[in-house]
Amino acid sequence: MENVDDNYFKNYQNLLERLYKKVPAPASSGERFEPPKLIAHQMGNQTVIRNFREVADKLRREPELLARYFLKGLATSGNYDRESGTLLLNSKLNVETLNNILNKFIESYVICPTCGRPDTVIIKKGKIWILKCEACGAEGPVKPF
Ligand SMILES: [Zn+2]
Numbered sequence: 001m002e003n004v005d006d007n008y009f010k011n012y013q014n015l016l017e018r019l020y021k022k023v024p025a026p027a028s029s030g031e032r033f034e035p036p037k038l039i040a041h042q043m044g045n046q047t048v049i050r051n052f053r054e055v056a057d058k059l060r061r062e063p064e065l066l067a068r069y070f071l072k073g074l075a076t077s078g079n080y081d082r083e084s085g086t087l088l089l090n091s092k093l094n095v096e097t098l099n100n101i102l103n104k105f106i107e108s109y110v111i112c113p114t115c116g117r118p119d120t121v122i123i124k125k126g127k128i129w130i131l132k133c134e135a136c137g138a139e140g141p142v143k144p145f
């Protein structure tokens, strides 16, 4: 009976292996997409996002488009400065709020709902916007803003 523990261990290992194989692979297998993070600071009653252009570039979106989404989502006014690549917002906002808006944008307008990859473009056909994935070829309408 000295092998009882051994067998128990082997069975347990087998069980784990079987369970593990049943877990479906994540939609975006391979390298995981790390959403970029905004760097912002408050200046009186205003907030400046310092790396706004950098983040937009990383997502392959026009900074002007991303700026419009932010102003709408945050219900505030502001100004994107081409020269410095910063977004000035006329509200006091903390960086978590800003990153939440950014993540919403990424979910709706960057990540392909079919394969989970961020390699997408937005094609505008008048009032119809299509999110097209360059990784898997899927395309679907997204809400214009
Ligand atoms: Zn895709």
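The opening position of the sequence shown corresponds to residue 1 in full-length UniProt numbering, with each subsequent residue numbered one higher. Beta carbons are placed, not taken as given, at the ideal position from N, Cα and C, and that holds for glycine.
Of the listed residues the options, nearest to residue i (C-alpha basis)
i    : options              : result
E83  : E64, C115, V95       : E64
F52  : R32, R117, L102      : L102
A135 : F145, L98, I111      : I111
R32  : D119, G137, E139     : D119
L93  : M43, Q13, E34, N7    : M43
K58  : P35, H41, I39        : P35
I39  : A138, L98, K127      : L98
H41  : R60, D81, V95        : V95
R117 : L66, N11, L131, K10  : L131
A138 : T114, G126, D6, E107 : T114
G85  : A75, E54, R60        : E54
Own chain, CB closer than 6 Å to residue i, minus 5 neighbours either side, in chain order
i    : result
S77  : N90
W129 : I122, V142, P144
G73  : I101
A133 : It should be noted that the sequence gives Cys, not Ala, for residue 133. Counting only Cβ-Cβ distances below 6 Å, and skipping sequence neighbours, we find C112, T120.
A56  : P63, L66
Limits of the alpha helix (DSSP H) - the one that residue i falls within
i           : result
residue 146 : Residue coverage of the chain in this structure runs from 1 to 145, which leaves residue 146 outside it and unanswerable.
I106        : 95-109
L65         : 63-74
K58         : 52-59
Extent of the continuous beta strand (DSSP E) run through residue i
i    : result
G116 : Taken as a continuous stretch (DSSP letters only), G116 belongs to no beta strand (DSSP E), as it is neither H nor E.
I39  : Neither: I39 is in no beta strand (DSSP E) and is coded neither H nor E.
G34  : A small fix is needed here, since residue 34 is Glu in this sequence, not Gly. Here E34 belongs to no beta strand (DSSP E), and DSSP marks it neither H nor E.
P144 : No beta strand (DSSP E) holds P144; DSSP gives it neither H nor E.
Residues near residue i in its chain [Cβ-Cβ closer than 8 Å; skip 5 each side]
i   : result
Y69 : I101, F105, Y109, F145
Same chain, Cβ closer than 7 Å to residue i, five either side skipped, listed in chain order
i   : result
D81 : L88
N79 : L88
Practice task
May I ask you to verify whether the region 32-49 touches the region 75-94, counting CB pairs closer than 8 Å and requiring at least 3?
Solution key: yes
Handout entry: Closer than 6 Å: residues whose CB approaches a heavy atom of ligand 1
Key = C112, T114, C115, R117, C133, A135, C136, A138
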